[in-house]
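Peer 1:
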Amino acid sequence: MTTSNVLPIGFKPISGGIFNDATIELFGIKKSPVTNEEWARDVKRLVGEDRFFWVFHDWKTGKTRLEKDARSDKEGGRYTICIGIADAWH
Amino acid sequence: MPGIEKLKFDQGEVLVFGSRLFMKMMDNPSAKYDKQGRVFSGTNQDVVGISYFHAKIWCLLSTLESGGEFKYDLPTHLQYEYVARHFPLDVQIGGNVWQQPGLDPHERNFSERFYGLHGWYWTANPHFGRARVQNYSLDLPGVRGSYASFSPVVVARGQHGVKSLHSSG
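For the record, the sequence lines run as chains A and B. Quick note: the first sequence uses the numbering used here, first residue -17, plus one each step. Quick note: the second sequence uses the numbering used here, first residue 20, plus one each step.
#1: For Val173 (chain B), I'd like the list of residues in its chain whose CB is within less than 6 Å of its CB, leaving aside the five on either flank, ordered along the chain.
#2: Thinking C-alpha only, which one of A:Asp40, A:Val29, A:Arg33, A:Ser(-3) is nearest Ile11 (chain A)?
#3: Grab the span of the alpha helix (DSSP H) containing Arg27 (chain A) for me, first residue to last.
#4: Classify Glu100 (chain B) as helix, strand or coil using the three-state DSSP reduction.
#5: How big is the Cα-Cα spacing for Lys42 (chain A) and Val35 (chain B)?
#6: On a CA-only basis, which of B:Thr95, B:Leu80, B:Gln98 is nearest Phe34 (chain A)? Give me that one, please.
#7: When burial is assigned at 16 or more other CB atoms within 10 Å of the CB, is Asp3 (chain A) buried or exposed?
#8: With Asp65 (chain B) and Pro15 (chain A) assumed to form a contact (beta carbons below 8 Å), what rounded beta-carbon distance in angstroms separates them?
#9: Does any residue of chain C have a CB that is nearer than 8 Å to the CB of Ser70 (chain B)?
#10: Considering just the uninterrupted stretch of the beta strand (DSSP E) at Tyr91 (chain B), what are its terminal residues?
#11: Quick check on this structure: which residue in B:Met45, B:Thr62, B:Gly87 has the alpha carbon closest to the alpha carbon of Gly68 (chain B)?
#12: Looking at C-alpha atoms only, which residue of B:Val110, B:Pro107, B:Val102, B:Ala175 is the closest neighbour of Phe1 (chain A)?
#13: Is the CB of Arg163 (chain B) under 8 Å away from at least one CB in chain A?
#14: Under a three-way DSSP split, which group does Pro(-10) (chain A) fall into?
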């Protein structure tokens, strides 16, 4: 991050350095936690009506990625039925 | 059916199928906690009732929206401590949730509520000051509901790979 870069509104540039024997690269951080108003605004803008997502998370590495949008909760619902059956079975 | 876990999550829901999760993004997850004497859903209050993965999706989608100009993410444990130690007056890491009437900050198992979200547990109570952050910053994300919000970090173009927009640690 150079000084010519403009951070998103509300973010503060954090200079890098050595901390706890590790190198901290330059980054920006939002100056205050995300508020309800910001969350609602961002969700409406970012996801629109497609509120359902399939996400892949590698529990070993901590990496997360979006796999695809889902049109409705019906996709998850099909799995829920399976889980319900499994729960009943166990 | 081993490896499959279903976790109810606030007004939305996170279904966990091993490494695959099915989730819903809600407009106002904080409303879940609104009861008589408790109001968490005010416009200027920090959002609560989100999981690590909800916050993560926010970061991934924001990165996509920027067209690769920025990469948004949740702060790492190291970044969090670095900011808390060196920039405490410039970045707000305290909040007002614990000041809500009817919410006992000494509630048992409260630490579970912060599981997976790195810190930002906004407290006016000295018992839960910044020095305790490390206790609640776990490496593996959880999917529990939380009274904690999040403060995303961002890295500008040139410091991250555009091709890796969908992957983030």
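Cβ atoms here follow ideal geometry from the backbone N, Cα and C, with glycine treated the same way. Here the structure is a predicted model, which is why all the values come from computation and not from measurement.
Peer 2: For this structure:
#1: Phe89, Tyr91
#2: A:Ser(-3)
#3: 18 to 29
#4: helix
#5: 15 Å
#6: B:Leu80
#7: exposed
#8: 4 Å
#9: In the displayed structure, chain C is absent; the protein chains listed are A and B.
#10: 89 to 92
#11: B:Met45
#12: B:Val102
#13: Note that Arg163 (chain B) has pLDDT 41, beneath the 50 cutoff, so the model's placement of it is unreliable and no number is given.
#14: coil
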